[in-house]
Amino acid sequence: MIGGMTKTARAVCPLDCPDTCSLILTLDPQANRLLKVEGDPQHPITQGFACVKTYRYPERNHHPERPLYPLRRTGPKGSGQFERVGWDEALDEIAQRLQHILDTSGGQAVLPYHYAGTMGLHQYEHPLAFFRAIGAAELETTICATAGAAAWEASYGFPRMGTDPEDIPQARFIFLWGINSLHTNTHLTPFLKQARHNGARIVHIDPYQSLTSRFADEHIKLRPGSDAALAYGMARVILEHRLHDPAYIERATQGFAAFQETAQAWTLERTEAATGVPAATVERLALEFARARASFIRTSYGMTRHPGGGSALRAVILLPALIGAWQYPGGGALLTTSGVFPLNRKYLGGKHLIEPEASGPRPGAAGYLRPNPEVRRINMNQLGSALTRLEPPLRALFVFNSNPLVVAPNSGAVRQGMQREDLFTVVLEQALTETARYADYVLPATTFLEHPDLYTAYGHHYLSWNAAVLDPQGEARPNTQVFAELARRLELEEPTLYWSAEELAQTLLASDHPWLKGITLERLQAEGYVRLNTPRAFLPFKDGAPTPTGKVCFDPPPAVILTEPEADYPLILLTPPAKHFLNSTYGHVERLVAGEGGEPVLWIHPQDAALYGVADGATVHIRSRHGEVIRRAKVSPAPIPGTVVLEGTWWERNAPDGKGINWLTGEGLTDLGAGSTFHSNPVAVIPRSNASD
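For the sequence shown, this note's numbering assigns the number -17 to the initial residue and increments by one for each residue that follows.
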């Protein structure tokens, strides 16, 4: 619809958020500018509003620091000194350098580092086809979801799915457990309000008070990493009062006897000692949850970022199975809806190149490179060690959709590795991030406004198509186009390397699964989004689960692995998401930085502040076994004693010492899924006047 010099268009928010919002954009086509972003009022999840971050996307898209042309490094790594070059010159030299590395060191010396800077499948996952075609090292993308995925699959099988968010208004009791949903799942809120209007009680369980805590009817503070203990304490109460569902357990689950025996050991007194939650509160919550029957747990990945995080999540999500909540609309649990999208992913990201059963010759595929069968695998949480200690060393690093110098653990080692003059680094970016400043080449990447793509979601059941609504700013190019150009220079013949977004979408939708029936690319392009044909009401575990036995698995009983402080580092540091940031994506947008107060601040409980001599507003040193940063302290009752909190993944330039918070984090992994342990950092907080002691 055109009015004056502007027009409106629909788009899909590309960022790593369960909501995957449908957006209505106001554009100035003559100036090639985005003027305004609003939520689509017709979308059943978006419901006409967007988050505070997305409203500021025009400032990000047209930010004066956005790289618009290929840049070649001219100064020392990290200096940010570059010169503009043409695309052909940049790609020719990158291809020559890469070919030399492949000839002398093999593909295993090349590492793609990437994650969810965009969730569009063409720009997010499909670039991996290039790296798999040259036999590069495989990056294990474990920084966020793998511990949760492993926990869910161990209990409920694969694919991962849960309660349909649109059924939540039918729930009669709700735990928001380990999730600050008003920051990270904003569009869940209308459904929670409807449930409350229908009589549901909402309880937030989290180590510190947040916006979600104030929204809930009650906030329960527990010690970080003690979620499994609390779940077992509640399970014991439910069993003692015979509020479990023996018929459901017999019909739909396995391994219950061992789980029951483990739960019996978690008396109320033991649970209180481990969690800090009063025994009477544990008992009351267990009874409320069980008696409601249609009880629902919305959880997320935060609780998994501990050494025992996978087991903790398992213990929590088994509570609905204990009371048979999966039999009732609105009951159950939700970690992700990602498994409800039964796309044909055979060729996505060159998956066929690394799976032997799919790697045989196909029509039109003659001459594509076979990957090395002895693939080097690198956990992305251990990038620092990979860049500094791996033998034989990595010689080329390609970064896209991520900013590892800020978001990866062990920032000191990551920076040390990226300073290597013998490491050839190429960064595809929409902003001149800390990581980009260490690149040999920075290649300007398009934003979601400037390329088409297909989107699933992990917070609802709608598949979406995003069309390009603006021409690329400057000379920006999509990730897939850049890697296709490099593939041509390397004379790679694998046809999937050159697929357009539309071609990829056609193959992804080529499925006979009934949930995709009638959903075509043409329909998505015309309508913007389409709900999958999942049942209403959606009761995926009413009679069992897609595990090998067809049963929900109580066995083996989840372990309880508590997060403990250390003698020299007596406080546990949490670094949860901030309202105005999404990881580091918006870290340079001035008004969003201002909205977070302009600098990162450490919250410390008055009890701990008095113990360690910290005054409100004082500058403190925060130390761990891995490093030290300087922050301003805010004395607040928000955290549970023994825990300090710093919200947000800030760009380093906004910190008083020029260091991000991940200078304090280590490369330890979770018990399940080899995930990150960002929330289990023992630290010491030292007033600046005492910091030299």
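Just so you know, even glycine gets a beta-carbon here, dropped at the ideal spot from N, CA and C.
T244 is positioned such that its CB atom lies closer than 8 angstroms to that of Y214. R287 sits away from H562, with the two beta carbons spaced by 8 angstroms or more. For G21, the enclosing beta strand (DSSP E) starts and ends at 15 to 21. In the three-state reduction of the DSSP assignment, Y551 falls in the coil class. With contacts defined as CB atoms closer than 8 angstroms, V396 and G366 qualify as a contacting pair.
With a cut-off of 8 angstroms on Cβ pairs, the segment 642 to 656 is not in contact with the segment 571 to 580, counting fewer than three such pairs. With contacts defined by Cβ atoms closer than 8 angstroms, A240 and P539 form a contacting pair. With fewer than 16 other Cβ atoms inside 10 Å of its own Cβ, D199 counts as exposed.
Secondary structure in the segment 553 to 580: the beta strand (DSSP E) runs of 3 residues or longer, each lying completely within the stretch, are 553 to 556 in chain order.
The segment 162 to 203 is shown to contain whole beta strand (DSSP E) runs of 3 or more residues at 183 to 187, 200 to 202, in chain order. Here C535 is bridged, per DSSP, to Q236.
Judged by beta-carbon spacing, I187 lies within the 8 angstroms limit of F157, meaning their Cβ atoms are closer than that value. In the three-state reduction of the DSSP assignment, P426 falls in the strand class, which pools E and B. Nearest to G532 by C-alpha distance, out of T128, R613, H587, T235, is T235. Contact between the segment 117 to 126 and the segment 138 to 147 is absent: fewer than 3 CB-CB pairs across the two stretches fall below 8 angstroms. When secondary structure is reduced to three states using DSSP, F465 falls in the helix class. For I668, the enclosing beta strand (DSSP E) begins and ends at 663 to 669.
Comparing alpha-carbon positions, the option among H25, I27, G642, L628 lying closest to P189 turns out to be L628. Its chain contains P52 as the residues whose beta carbon lies nearer than 8 angstroms to that of G68, once the 5 sequence neighbours on both sides are disregarded; these appear in chain order. Minimum Cα-Cα distance from V611 among the listed residues L584, L414, S618, P588 corresponds to L584. Secondary structure within the segment 44 to 91: the beta strand (DSSP E) runs of 3 or more consecutive residues, fully enclosed, are 53 to 55, 64 to 66 (chain order). A distance of 8 angstroms or more separates the beta carbons of V571 and L9. Residues of the same chain with a CB within less than 6 angstroms of the CB of A129, apart from the 5 flanking positions on each side, are T286, G291, G292, T652, L654, G655, G657 in chain order. Between T407 and F382, the alpha-carbon positions lie close to 11 angstroms from each other.
Contact annotation: T545 and G207 have beta-carbon atoms nearer than 8 angstroms. Considering only C3, E432, Q12, L301, the residue with the shortest C-alpha distance to K(-11) is Q12. The alpha-carbon of L16 is positioned some 52 angstroms away from that of D537.
Counting only the Cα atoms, V602 lies some 54 angstroms from P517. Excluding the 5 residues flanking it on each side, P621 has same chain C-beta neighbours closer than 6 angstroms at Y190, W585, H587, V627, in chain order. Distance from the Cα of Q412 is smallest, within the candidate group D422, L431, R402, E403, for L431. Counting only runs of 4 or more residues that sit fully inside the segment 213 to 268, the alpha helix (DSSP H) segments are 228 to 234, 238 to 246, 250 to 257, in chain order. Residue burial is scored here from C-beta neighbours: A247 has fewer than 16 other C-beta atoms within 10 angstroms and is therefore classed as exposed.
Using a Cβ-Cβ distance cut-off of 8 angstroms, the segment 255 to 273 and the segment 553 to 567 are not in contact, since fewer than three pairs of beta carbons, one from each stretch, lie closer than that value.
According to DSSP, residue pairing for L593 in a beta bridge does not occur.
Here DSSP, grouped into helix, strand and coil, assigns D494 to coil.
Going by DSSP, V451 is part of no beta strand (DSSP E) at all; its letter is neither H nor E.
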